[in-house]
Amino acid sequence: MDRFLSNSLNRIDAKGRVSVPAHFRSVIQKRGYSELYALRALEVPAMDVGGPDLLDVYEQRIEVEDPFLRTGEDMSFYVHGEGTFLKLDQDGRIGMTDFIRAHTGITNEAVFVGRGKFFQIWEPSRFEAHGRAVRERLLSLRQAPQAMRVEELE
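Here it is, written out as structure tokens:
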């Protein structure tokens, strides 16, 4: 399977490096990525991480923006200024730079979260809180249609 799935908690070593989970490294290898592109997630305190193709998707979107509007300029500022490349070392580790730590709040541990075509890196307690909020939103969506059907029957 060449999708980023599941989640994994890994400890950051004394040199500020963290091991990318083996199953994520397998996907990275299958896709032939020699480096990773990481972007500060827009709405959550996490990093979105993928290969150069993730950056390509953003740049293709920027190219179709009207050059007389600010949207393309803002998108470029964000995609290029809030992103960075990460190198995997020979042991499958990446550095938790100040750039990443400032946005995520990561200190001693990091959670890697599969998102299909990319993955995210989270600070553990923020990941847990976000997961609870996501489950609550999904549960309320699931319950809303049932409540509407009951009202229709009455």
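Per the numbering used here: the sequence shown = residues 36 to 189.
Ideal Cβ placement from N, Cα and C applies to all residues, glycine included.
Keep in mind that this is a model prediction, so the values were computed, not measured.
* To do: Given a cut-off of 7 Å, decide if residue 71 and residue 84 are closer than it, judged by their beta-carbon atoms.
  => Yes, Cβ-Cβ distance for residue 84 and residue 71 is below 7 Å.
* Examine the Cβ distances between the region 145-159 and the region 44-56 and report whether three or more of them are shorter than 8 Å. => Cβ pair count under 8 Å is three or more, so yes.
* Nearest neighbour of residue 161, chosen from 179, 172, 139, 153 [CA to CA] -> Ranking 179, 172, 139, 153 by Cα distance to residue 161 puts 139 first.
* **Per DSSP, the bridge partner or partners of residue 142** => None; residue 142 has no bridge partner.
* What are the partner residues of residue 128, as DSSP defines its beta bridges? -> Paired residues: 54.
* To do: Examine the Cβ distances between the region 103-110 and the region 119-130 and report whether three or more of them are shorter than 8 Å.
  => Segments in contact, no.
* To do: Note the first and the last residue of the continuous beta strand (DSSP E) segment covering residue 110.
  => Looking at the DSSP string, residue 110 is not in any beta strand (DSSP E); the run it does join, the alpha helix (DSSP H), is 106-116.
* Where residue 38 sits in the DSSP three-state scheme -> Reduced to three states, the DSSP call for residue 38 is coil.
* Assign residue 73 to buried or exposed, taking buried as 16 or more other Cβ atoms, counted over all protein chains shown, within 10 Å of its Cβ. => Buried: at least 16 other Cβ atoms inside 10 Å.
* Asked: Would the beta-carbon of residue 66 fall within 7 Å of that of residue 51?
  -> Against a cut-off of 7 Å, the Cβ pair of residue 51 and residue 66 comes out as no contact.
* Which same chain residues, not among the five before or five after residue 40, have their C-beta less than 6 Å away from its C-beta? -> Cβ contact annotation for residue 40 (same chain, cutoff 6 Å, sequence separation greater than five): 149, in chain order.
* Pick out whichever of 179, 63, 75 has its Cα sitting closest to the Cα of residue 141. => Here the closest residue by C-alpha is 75.
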